[in-house]
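Take a look at the structure set out below.
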Amino acid sequence: MRYQSLVALALAAATANAQDAPETGELGDATVVKDNPEGLVYKAEFPEQPFSPISIEGNVKGSLIAKSVEDGIEFRVKFENLPAEGGPFGYHLHVDPVPEDGNCTKTLAHLDPFIRGEATPCNPDAPATCQVGDLSGKHGAADSGTTFEDTYVDPYVTLKDGLGSFFGNRSVVLHFANKTRITCANFALVGGDGGEDEPDREGEDHDDTDEASTPSTGSNSTITPTHSAPAETNPSEGSAAVSSISLIAALAAAVFAL
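Those letters in the sequence shown? Residues -18 to -1, 1 to 240, by mature numbering (1 follows the signal peptide of the UniProt record, and there is no 0).
Structure below.
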């Protein structure tokens, strides 16, 4: 009897620990992305009209600005005109972009490359076990009837195209607490370091042509080679030397004649 009681207690403890343990994905925990391209900036901005009827005039005004930084992706989030009821409001990166008709349902599910699912809520104390796209689960949802602002760095998403955690061609969706989709927006590239020539000192642009490194004296002038030229002889000095030699020769002839 005592043995059976001990077994029952052990099973109960194991079950409790399993329930408390963060749920991970079928492919494991999310991985930190360390080689994001430098300086890229993406932005998603909500449209003027909501997708679902809401008890406010117009739509929730808001945007997410995502910038590639050294230790991940920095998000600057701002939502205004949130409904007075129905919160807290979650927001997530979704798999597909918003189509032209603005149907937020067509963005499909949360970005979840490690196949975690959303049946078990995200544990913000263990963000690697959460869905990659569950931004509000990892960093906090927006309360009802307030202006919500937040800035944070998420190391599990990326702006490196080709990875499963890339979201530059995807969307963000704002939800009621009951998961009804309020509004959505696509991310678009708005800034970055690539594609522009770096200016030279004093504000001049680089010029990769050969003329840029060759001195010139005017638009129609002949370009002077930079090879070292032999030293020139002063004409007056040459004439003086010839005269001296002729005088010495004449004196020598006169001496031999004597």
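Backbone N, C-alpha and C fix where the C-beta goes; we use that ideal spot for every residue, glycine too.
(1) So, is Leu9 buried or exposed, given that buried needs 16 or more other C-beta atoms within 10 angstroms?
(2) Which residues does DSSP list as the beta-bridge partners of residue 241?
(3) Figure out for me which residue from Tyr134, Gly69 and Asn151 has the closest Cα to the Cα of Lys142.
(4) Who pairs with Arg163 in a beta bridge, going by DSSP?
(5) Are there 16 or more other CB atoms within 10 angstroms of the CB of His76, so buried, or fewer, so exposed?
(6) If contacts are defined as beta-carbon pairs under 8 angstroms, then Ala66 and Val154 qualify, I think. What distance do you get, rounded to the angstrom?
(7) Quick one: grab the DSSP three-state call for Ala110.
(8) In this structure, what does DSSP give as the bridge partners for Ile47?
(9) Excluding the five sequence neighbours on either side, which residues of its own chain have a C-beta within less than 7 angstroms of the C-beta of Ser50, listed in chain order?
(10) Using 10 angstroms around the beta-carbon of Gly99, count the other beta-carbons present and answer buried if the total reaches 16, otherwise exposed.
(11) Are there 16 or more other CB atoms within 10 angstroms of the CB of Gly144, so buried, or fewer, so exposed?
(12) Do Asp125 and Pro70 count as a contact pair if the criterion is CB distance below 8 angstroms?
(13) Assuming Gly173 is part of the beta strand (DSSP E), what are its boundary residues?
(14) Nearer than 7 angstroms: is that true of the beta carbon of Gly7 relative to any heavy atom of the ligand ADP?
(15) Within 8 angstroms, do at least three Cβ pairs link the stretch 155 to 171 to the stretch 41 to 49?
(16) With burial defined as no fewer than 16 other Cβ atoms inside 10 Å of the residue's Cβ, what is the status of Ser147: buried or exposed?
(17) Just the Cα atoms here: how many angstroms apart are Gln31 and Asn85?
Taking the geometry as given:
(1) Leu9 comes out exposed.
(2) Lying outside -18 to 240, the shown extent of the chain, residue 241 is not represented and no answer is given.
(3) Ranked by how close their Cα comes to the Cα of Lys142, the residues Tyr134, Gly69 and Asn151 have Asn151 in first place.
(4) DSSP lists His157 as partners of Arg163.
(5) So His76 ends up on the buried side.
(6) That belief does not hold up - the Cβ atoms of Ala66 and Val154 are roughly 22 angstroms apart, past 8 angstroms.
(7) Three-state DSSP puts Ala110 in a helix.
(8) Note: Ile47 sits in a beta bridge opposite Lys25 and Arg58.
(9) Excluding positions up to five away in sequence, the list reads Asn18, Pro19, Glu20, Gly21, Leu22 and Leu141.
(10) Here Gly99 is exposed, its C-beta having fewer than 16 other C-beta atoms within 10 Å.
(11) Result: exposed.
(12) Taking the C-beta atoms as reference points, Asp125 is found nearer than 8 angstroms to Pro70.
(13) Its beta strand (DSSP E) spans residues Ala170 to Gly173.
(14) Although the ligand ADP was asked about, the structure shown includes no ligands whatsoever.
(15) Verdict: yes, contact present.
(16) Counting other Cβ atoms within 10 Å of its Cβ, Ser147 reaches 16 or more and is therefore classed as buried.
(17) CA-to-CA, the gap between Gln31 and Asn85 works out to about 12 angstroms.
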